[in-house]
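Protein chains in written order, with this note's numbering: chain A, 2 to 408; chain B, 2 to 408. No residue lacks a Cβ here, since even glycine has one placed at the ideal position from N, Cα and C. Computed from a predicted model, the values in this text were never measured in an experiment. All remarks here apply to the structure that follows.
Protein chains: 2
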Amino acid sequence: MHEMLAIDTERVIASLKHLARFGAQGQGVNRPVLSDADVESRRWLAGEMESAGLTVVVDAVGNVIGKSKAPRALLLGSHTDSVPTGGWLDGALGVIYAIETARAFNLQFPDAPIGCDVVAFSDEEGRYLSCLGSKWFCGELSLPDLARLSYAGIDFAGAAQLAGYDSEVGAQFDARRCIGYFEAHIEQGPRLDNAELDLGIVTGIAGMRRHRIVFKGQADHAGTTPMSVRKDAGMAAFEFAVQLRDSFVELGAPEAVWNFGAVEFRPGVANVVPKEALLTLETRDLRLEVLDEMQKRVADLIESNDGRAGVSITLERVGDLPSAIMDARLLQHVASSAAQLTDKTMHLHSGAIHDAMVLARHVPSAMLFVPSIGGRSHVYLENTADKHLRMGAEVFAGAALSMISGG
Amino acid sequence: MHEMLAIDTERVIASLKHLARFGAQGQGVNRPVLSDADVESRRWLAGEMESAGLTVVVDAVGNVIGKSKAPRALLLGSHTDSVPTGGWLDGALGVIYAIETARAFNLQFPDAPIGCDVVAFSDEEGRYLSCLGSKWFCGELSLPDLARLSYAGIDFAGAAQLAGYDSEVGAQFDARRCIGYFEAHIEQGPRLDNAELDLGIVTGIAGMRRHRIVFKGQADHAGTTPMSVRKDAGMAAFEFAVQLRDSFVELGAPEAVWNFGAVEFRPGVANVVPKEALLTLETRDLRLEVLDEMQKRVADLIESNDGRAGVSITLERVGDLPSAIMDARLLQHVASSAAQLTDKTMHLHSGAIHDAMVLARHVPSAMLFVPSIGGRSHVYLENTADKHLRMGAEVFAGAALSMISGG
Chain A
2 MHEMLAIDTE
12 RVIASLKHLA
22 RFGAQGQGVN
32 RPVLSDADVE
42 SRRWLAGEME
52 SAGLTVVVDA
62 VGNVIGKSKA
72 PRALLLGSHT
82 DSVPTGGWLD
92 GALGVIYAIE
102 TARAFNLQFP
112 DAPIGCDVVA
122 FSDEEGRYLS
132 CLGSKWFCGE
142 LSLPDLARLS
152 YAGIDFAGAA
162 QLAGYDSEVG
172 AQFDARRCIG
182 YFEAHIEQGP
192 RLDNAELDLG
202 IVTGIAGMRR
212 HRIVFKGQAD
222 HAGTTPMSVR
232 KDAGMAAFEF
242 AVQLRDSFVE
252 LGAPEAVWNF
262 GAVEFRPGVA
272 NVVPKEALLT
282 LETRDLRLEV
292 LDEMQKRVAD
302 LIESNDGRAG
312 VSITLERVGD
322 LPSAIMDARL
332 LQHVASSAAQ
342 LTDKTMHLHS
352 GAIHDAMVLA
362 RHVPSAMLFV
372 PSIGGRSHVY
382 LENTADKHLR
392 MGAEVFAGAA
402 LSMISGG
Chain B
2 MHEMLAIDTE
12 RVIASLKHLA
22 RFGAQGQGVN
32 RPVLSDADVE
42 SRRWLAGEME
52 SAGLTVVVDA
62 VGNVIGKSKA
72 PRALLLGSHT
82 DSVPTGGWLD
92 GALGVIYAIE
102 TARAFNLQFP
112 DAPIGCDVVA
122 FSDEEGRYLS
132 CLGSKWFCGE
142 LSLPDLARLS
152 YAGIDFAGAA
162 QLAGYDSEVG
172 AQFDARRCIG
182 YFEAHIEQGP
192 RLDNAELDLG
202 IVTGIAGMRR
212 HRIVFKGQAD
222 HAGTTPMSVR
232 KDAGMAAFEF
242 AVQLRDSFVE
252 LGAPEAVWNF
262 GAVEFRPGVA
272 NVVPKEALLT
282 LETRDLRLEV
292 LDEMQKRVAD
302 LIESNDGRAG
312 VSITLERVGD
322 LPSAIMDARL
332 LQHVASSAAQ
342 LTDKTMHLHS
352 GAIHDAMVLA
362 RHVPSAMLFV
372 PSIGGRSHVY
382 LENTADKHLR
392 MGAEVFAGAA
402 LSMISGG
């Protein structure tokens, strides 16, 4: 089997454009999970998988799975749901690459003992739950778990039933069958584009911790209360954020990122000293020790500032995603395949979450990034140069073949 | 006329308690302008004024005005509308003091050439417009101005008509008739209470300037965008607030106060770098030069921070209330009256707005403060010691008589 896969990059581009018609909004797509556009696109994807020589199963959450007739398989895929203001390639790229790779593989190696399975995951974007599809696929969720999910008053289970998904079709992941998982995706950030590189070899997906920091002081009339006796929860929050930023910068972890994405004052009116302030903080890094050190700095700063100027500070951990490390052996196949077409590659980690984060908990996994122009993501204008779409497809197919052949 | 006014402090307390039944919420009141409770309370107030020997006029906005039969008069009063979670004394105190003073004056000096007029102003709390009643009374608003006011989808003019107020009844203030305005009020702050004083002689009402400071950066994925390339409007706002606070402290103006009462991030979600942050800032001081210096420091800091880390900063002035200086001659009458009962008084300025701020633009004005326990205000638990309620009434009546007699 040590030859190239004869994939058709014209068909890759054409298929991506066809998929982008479902929920099209200008150049982008509005295709959230269980929207009409999402449900219809999955019927089309099922047909594409069948025409690529795969046997299709649609599970309880709408994951479309194309299975090779081989007893074992490398799993290829990504997701095809989008955020409401989504780009045409986010997720879609990895699924179309996977179908084209499986099609070529089945034509060239119809009787191989290890084949290519393909999956189009549902709700990676987390309308109901982040990576819902891959979690269901891997058996991490139960039917009662699904029954608890709702969005804007619509419960997931009812919407899935309306879409025709059979709640009896459970986790399709089979550890004896699956030799690995391989996913292509746009970068969703600017590093490849800024460095004018062609491809990225993803070493891992950063872990993320989400905190809510609550400052409690006292509401007072902002005109009549002397500054010296105020218990200003808002000012305490401002000061905390600046001090924590300085502490994180001083830490000097080059890949670490953090974000104060939301802040709320209560009562939040101009002439009342804020009695309460809520800060939302995310910290991310690939390395557990860096996440832990950031965590410690949050706790230390809370301890040293708590009670100052009459404002108490408490911490709530509201989310915790452990980082995922990609499989070194699989990454070597990706790097070798890329090296045949370009030397403009880099190893990098993903700051965004992907289905590979879930799959990596169950099977050796790998990811390939193509550059996103300007690093734009989750916007209609998201795009990737045609050259990179084609090169990515070739490298993806080559790496998949190499993983299957090379063991 | 150089005798004391024989007021009945029992009746003052009883009247305050009766008025507190309109919109009662525990110990406090929920009596916003044009609520049923507010409209009903004004009918009762009109009766009280008539029984005190005054001729009542209700104007287009619901101000209840009791006029002496004398050709000239000192105007006494305050407001009786409340915030939704209001105290029983805020505003009400000054109106009940005024009615009792007029009642005693009319009994003792039925034929005096200068009498006591009384007013219960409407919407001082600004549900539709801050000091709406006193502004209308003084001719600062036109019918078209009123027609533009609405709250929660209800237009003021329609609600006033439903309440039975006659839109033809215009400004009742008459500069030839009115020799001055005198208002009693609870302090709405902790200075008298903290210093264990009995009464406050108000030298002026602080001017207030309200600013909206708008920070504009760029929304980016908080996981995938390196810290070095972010244009984080939220962090810029935090840093600005801390720097401005330091600058205001360094200014060293002992009476100056400021407040960041509200902040908003857009889009305001945990995993997106804020593209926009809106900060609401109020600055207050009695002295124009201090307000101007604070204004200059806001502008200077915006200029020095604008464009830093890709975040632009712009300033909007969204409100400007000039400070009001109370009349020195009238204040001397207040101080002399107070000195007959206590030496535990202080001269102080008001950080909160009062109807006297509007009246002072048209006629010499003065204010008397009674302490508020714990400085609590705009809460149901607002209260004043019985001793201070009675002492305040005596001093108010004595000062009013002295103003009328002493010229």
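When the cut-off is 9 angstroms and only beta carbons count, does residue 239 of chain B lie next to chain A? yes
Output needed in chain order: residues of the segment 334 to 364 of chain A with a Cβ under 9 angstroms from some Cβ in chain B. 351, 352, 353 and 354
So with CB distances below 7 angstroms, who are the chain B contacts of residue 295 of chain A? Residues of chain B whose Cβ lies closer than 7 angstroms to the Cβ of residue 295 of chain A do not exist; the shortest such Cβ separation is about 13 angstroms.
Give the DSSP-derived three-state secondary structure of residue 180 of chain A in the structure shown. strand
Just checking: is the beta-carbon of residue 141 of chain A within a distance shorter than 9 angstroms of some beta-carbon in chain B? no
Distance cutoff 9 angstroms, beta carbons only. Does residue 79 of chain A sit that close to anything in chain B? no
Test: residue 26 of chain A CB closer than 9 angstroms to a CB of chain B: no
Local conformation of residue 297 of chain B per DSSP, three classes: helix
For the structure I just gave you, are there three or more beta carbon pairs, one from the segment 96 to 110 of chain A and one from the segment 384 to 401 of chain A, closer than 8 angstroms? yes
My assumption, with CB atoms under 8 angstroms, is that residue 346 of chain B sits in contact with residue 353 of chain B. Please give the rounded CB distance. With a Cβ gap of about 19 angstroms, residue 346 of chain B and residue 353 of chain B do not count as contacting.
By Cβ distance below 8 angstroms, which residues in the same chain neighbour residue 181 of chain B in space, the five residues on each side in sequence not counted? 75, 76, 328, 331, 364, 365, 366, 367 and 404
Does residue 184 of chain A come within less than 9 angstroms of chain B when only Cβ atoms are used? no
Is any beta-carbon of chain B found at less than 9 angstroms from that of residue 194 of chain A? No - not a single Cβ of chain B is within 9 angstroms of the one on residue 194 of chain A.
Is it the case that the Cβ atoms of residue 79 of chain A and residue 25 of chain A are separated by a distance below 9 angstroms? no
Less than 9 angstroms between the beta carbons of residue 335 of chain B and residue 386 of chain B, yes or no? no
At 3 residues or longer, what runs of the beta strand (DSSP E) sit wholly inside the segment 300 to 381 of chain A? 313 to 322, 346 to 351 and 366 to 371
Cβ of residue 379 of chain B less than 9 angstroms from any chain A Cβ? yes
Residue 341 of chain A: buried (16+ other C-beta within 10 angstroms of its C-beta) or exposed? exposed
Report buried or exposed for residue 123 of chain A, applying the criterion of at least 16 other Cβ atoms within 10 angstroms of its Cβ. buried
Which partner residues of residue 19 of chain A appear in the DSSP bridge assignment? For residue 19 of chain A, which the question treats as bridged, DSSP gives no partner whatsoever.
Going by the C-beta, is residue 273 of chain A closer than 8 angstroms to any heavy atom of the ligand NAD? Of ligands this structure carries none, so the ligand NAD is not represented either.
Reduced DSSP secondary structure (H/G/I, E/B, other) of residue 228 of chain B: helix
Between residue 266 of chain A and chain B, is the shortest Cβ-Cβ distance under 9 angstroms, so that the two count as touching? yes
Let's see if you can read the secondary structure: which residues bound the beta strand (DSSP E) around residue 277 of chain A? 277 to 286
Given a threshold of 16 other Cβ atoms within 10 Å of its Cβ, counted over all protein chains shown, does residue 289 of chain A qualify as buried or as exposed? Its Cβ having fewer than 16 others within 10 Å, residue 289 of chain A is exposed.
With a Cβ-Cβ cutoff of 9 angstroms, do residue 188 of chain B and residue 373 of chain B count as a contact? yes
Where residue 209 of chain B meets chain A, residues with beta-carbon distance less than 7 angstroms: 224
Residues of its chain near residue 150 of chain A, where Cβ-Cβ distance is below 8 angstroms and the 5 sequence neighbours each way are ignored: 129, 130, 133, 156, 157 and 158
Residue 409 of chain A: contacting residues in chain B (beta-carbon distance under 7 angstroms): Nothing can be reported for residue 409 of chain A, as the shown portion of chain A is limited to 2 through 408.
Of the listed residues A:356, A:407 and A:6, nearest to residue 184 of chain A (C-alpha basis): A:356
Can you check whether the CB of residue 280 of chain A is closer than 9 angstroms to the CB of residue 263 of chain A? yes
Residue 47 of chain A versus residue 171 of chain A: straight-line alpha-carbon distance, rounded: 18 angstroms
At the 9 angstroms Cβ level, is residue 154 of chain B part of the contact set with chain A, yes or no? Using a Cβ-Cβ cut-off of 9 angstroms, residue 154 of chain B does not count as an interface residue toward chain A, since no Cβ of chain A sits closer than that to its own.
Can you tell me the Cα-Cα spacing of residue 223 of chain A and residue 270 of chain A, whole angstroms? 10 angstroms
By how many angstroms is the C-alpha of residue 402 of chain B removed from the C-alpha of residue 89 of chain B? 26 angstroms
Extent of the continuous alpha helix (DSSP H) to which residue 45 of chain A belongs: Residues 37 to 52.
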